[in-house]
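Colleague: The sequence shown runs 116 to 427 under our numbering. Cβ coordinates follow ideal geometry from the N, Cα and C atoms, glycine included.
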Amino acid sequence: MSEEEAVDAFVALRYAETEGEPFCPHCQCSAVYQSNRNVKNRKTGKVVKKLRIFKCASCLRQFSPTSQTIFASRKLEYRDILLAIALWTNGAKGTSALEMTRHLGVQYKTAFVLFHKLREAMGAQVHAERLEGEIEMDGAYFGGYVKPSTRKAGRRDRRKLSNQSGKRKCITVMRERNGRTRPFVCSELEGANLAPQIIKPGSILYADEAKSYDRLHALFDIKRIDHSKSYAEGDISTNHAESFHSRVRRAEQGVYHHISDKTQAYGDEMAWRENNRRLSNGEQFLALASAGLHHPVSRQWKGYWQRRKEAA
Ligand SMILES: [Zn+2]
116 MSEEEAVDAF
126 VALRYAETEG
136 EPFCPHCQCS
146 AVYQSNRNVK
156 NRKTGKVVKK
166 LRIFKCASCL
176 RQFSPTSQTI
186 FASRKLEYRD
196 ILLAIALWTN
206 GAKGTSALEM
216 TRHLGVQYKT
226 AFVLFHKLRE
236 AMGAQVHAER
246 LEGEIEMDGA
256 YFGGYVKPST
266 RKAGRRDRRK
276 LSNQSGKRKC
286 ITVMRERNGR
296 TRPFVCSELE
306 GANLAPQIIK
316 PGSILYADEA
326 KSYDRLHALF
336 DIKRIDHSKS
346 YAEGDISTNH
356 AESFHSRVRR
366 AEQGVYHHIS
376 DKTQAYGDEM
386 AWRENNRRLS
396 NGEQFLALAS
406 AGLHHPVSRQ
416 WKGYWQRRKE
426 AA
């Protein structure tokens, strides 16, 4: 794919609502001029970057296909962004930023920030709607790996709370059976308190025997499964919720390794993957690229490393 074709693809996705006709992100006006500007190397005069710039006929402001989207102020070529999204959606457990640096030939920091921007867009989609129907709830712990001491004398019982790392985080998930998944980094008790905001009244809940869920009996029709006795009694189980946890577990152990600083972001990524797992590769690619192009500029991730440099 040439850079030119990649820009066309971006334009088609960004302005899908108007069938690829660009409109001004500042005043929504659809009368726009197009101009292509080439960025040349000052010494050699060689064209290093082709830009597609639009100018609004009514407010006269300039914009590009990535203006006011998650990809704003991009430094990567359009082609590389599309390639990164395509490769990233292909990994069921995700792909590490380090691996992507080798695929694209870019810096680790570049891939790291691009992925986090995409995770932010994924999270916005995942958390856009309240859940309804049959919903399973469960919590599990991730992150904060404690390395066992080499010498036997130094080893601690890692099952004990006092010997665990403070970085260990609980993800409480609410998952519709055959539907949407919403993860939250909070204890099961906090999750139970959150449930009325997340789940529509009239839904049927499934949870295990943990005391935290007792309070939900007053609000929902809730069915409990006692895990000390069995994992399923008829249709009562939390197996869908646990299958989400196992996806996060596999991503943590197999790909990302250290997720505790940004557990919510990684949880959202895995929820998005879980929700879209039945789509083909091509559909997942389009869904993610489009999510990024319809998500506003990231306050957290735009200029992340520049800010980090100033702070240091
Ligand atoms: Zn305008």
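1) Express the C-alpha separation of P180 and A172 in angstroms, rounding to a whole number.
2) Is C142 a contact residue of ligand 1, with contact defined as CB to any heavy atom under 7 Å?
3) Please return the same chain residues whose Cβ sits closer than 7 Å to the Cβ of I313, not counting the five positions on each side in sequence.
4) Taking 7 Å as the cut-off, is the CB of C139 close to at least one heavy atom of ligand 1?
5) Hey, quick one: how far does the beta strand (DSSP E) through M82 stretch, first residue to last?
6) How big is the Cα-Cα spacing for K284 and F257?
7) What's the call for P316, buried or exposed, on a 16-neighbour Cβ count within 10 Å?
8) Does at least one heavy atom of ligand 1 sit under 7 Å from the Cβ of S375?
9) Quick check: the Cα distance between R362 and K208, rounded to an integer number of angstroms?
10) Look at D350 and R339 and say whether their C-beta atoms are less than 8 Å apart.
11) How would you write the range of the beta strand (DSSP E) that A347 sits in, first residue to last?
12) Could you say which of R194, N391 and E357 lies nearest to G294 if we only look at CA atoms?
13) Taking the alpha-carbon of I286 as reference, which of L408, I374 and Q183 has the nearest alpha-carbon?
14) Could you tell me which of D253, V228 and S277 sits nearest to Q421, measuring between CA atoms?
15) Identify every residue that forms a DSSP beta bridge with C171.
16) What residues in its chain sit with their C-beta under 8 Å from that of G248, if we drop five residues either side in the sequence?
17) So who's on the other strand from S417, going by DSSP bridges?
18) Please give the ranges of any beta strand (DSSP E) in the region 239-319, keeping only runs that are unbroken, at least 3 residues long and fully inside the region.
19) Grab me the residues of L304's own chain with a C-beta within less than 6 Å of its C-beta, minus the 5 sequence neighbours each way, in chain order.
Modeller: Judging by the given coordinates:
1) 16 Å
2) yes
3) R245, L246, M289 and R297
4) yes
5) In the structure displayed, the chain extends from 116 to 427; residue 82 sits before or after that span and is not available.
6) 5 Å
7) exposed
8) no
9) 7 Å
10) no
11) Counting along the chain, A347 falls outside any beta strand (DSSP E), and DSSP gives it neither H nor E.
12) N391
13) I374
14) V228
15) V147
16) E291, R292, G294, S318 and I319
17) Correcting the residue type first, residue 417 is Lys in the shown sequence and not Ser. BP columns for K417 are empty, so no partner.
18) 249-257, 284-291 and 296-300
19) S327
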